[in-house]
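Report on the following structure.
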Amino acid sequence: MEINYQKMGRRIRSRRRELGLTQFALAERCGISTVYISHVENGTATPSLGVFLSIAEALEATPDYFLVDTPFASKEYLQDGIAKKLRQCSDSSLRVVERLIDALLEEQWGKPSPF
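By UniProt numbering, the letter at position 11 of the sequence shown is numbered 11, and the numbering carries on one by one without gaps.
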């Protein structure tokens with residue numbers, strides 16, 4: 001498998017923005033310079049394995065997310081991300097989410113969820 005560093009860099013940038021982090025904040029978390037983060041995001045620098053793992057950890061993602069063509073490749077990763085977001089919701093928002101999930105499951109299985 002050949003690594004497409006430009007694609008990897010775009011995913012890093014996208015995930016960083018999704019988390020609301022600046023390049024400066026990410027660089028600080030990883031112990032590297034902002035300029036280097038910029039080069040990695042643009043695909044003009046190839047991070048060492050250690051730096052790459054540090055970036056993935058700082059962005060709360062598995063390394064495969066940045067390497068594989070399908071974002072959030074594993075179901076478990078998606079579930080963990082959803083669970084983290086749910087913990088930040090108010091009680092009323094959680095009830096809305098529950099109804100939405102019930103509707104999705106009913107559409108998927110053709111019957112209401114037994115839970």
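Ideal Cβ positions, reconstructed from N, Cα and C, are used throughout, including at glycine.
*In the structure shown, what three-state DSSP assignment does T70 receive?*
Looking up residue 70 in the sequence shown gives position 70. Since pLDDT at T70 reaches only 48, below the 50 mark, its modelled position is unreliable, and the value read off the structure follows with that caveat. Three-state DSSP puts T70 in coil, outside helix and strand.
*Exposed or buried, which one is L86 when buried takes at least 16 other CB atoms within 10 Å?*
Numbered from 1 along the sequence shown, position 86 holds the residue referred to as residue 86. Looking at its Cβ environment, which holds fewer than 16 other Cβ atoms inside 10 Å, L86 is exposed.
*CB-CB under 7 Å to S33, same chain, minus the five flanking residues each way: which ones, in chain order?*
Taking the sequence shown and counting its residues from 1, one reaches residue 33 at position 33. A27.
_Element boundaries [alpha helix (DSSP H), containing L59]_ = Residue mapping note: residue 59 aligns to position 59 of the sequence shown, counting from 1. Where L59 is concerned, there is no enclosing alpha helix (DSSP H), given that its DSSP letter is neither H nor E.
*Compute the beta-carbon to beta-carbon distance between I37 and Q23, rounded to the nearest angstrom, for a pair I have assumed lies under 8 Å.*
Along the sequence shown, read from residue 1 onward, the residue named residue 37 stands at position 37. Along the sequence shown, read from residue 1 onward, the residue named residue 23 stands at position 23. Confirmed, about 5 Å.
*For N4, which of helix, strand or coil comes out of DSSP?*
Walking along the sequence shown from the start, residue 4 turns up at place 4. In the three-state reduction of the DSSP assignment, N4 falls in the coil class.
*Label I55 either buried or exposed according to how many other C-beta atoms from any shown protein chain fall within 10 Å of its C-beta, with 16 as the threshold for buried.*
Translated into positions along the sequence shown, residue 55 becomes position 55. Buried, by the Cβ-count rule.
*Determine the DSSP secondary structure at G9, reduced to helix, strand or coil.*
As a working note, residue 9 is residue 9 in the sequence shown. Here G9 sits in helix by DSSP.
*Since S48 is in the alpha helix (DSSP H), which residue starts that stretch and which ends it?*
Residue 48 sits at position 48 when you count from the first residue of the sequence shown. It is not in any alpha helix (DSSP H) - S48 carries neither H nor E in the DSSP assignment.
*Hey, would you say L53 sits closer than 8 Å to R15, going by beta carbons?*
In the sequence shown, residue 53 corresponds to position 53, counting from 1. In the sequence shown, residue 15 corresponds to position 15, counting from 1. At the C-beta level, L53 and R15 stay beyond 8 Å of one another.
*On a CA-only basis, which of Y65, E57 and Q79 is nearest R10? Give me that one, please.*
On the sequence shown, position 10 is the one that residue 10 refers to. For R10, the nearest C-alpha among the options comes from Y65.
*asked:* Please identify the residue among R95, V96, L67 and A61 whose C-alpha is closest to the C-alpha of Q79.
replied: On the sequence shown, residue 79 is found 79 positions in, with the first residue counted as 1. If we check each option's Cα against that of Q79, A61 comes out closest.
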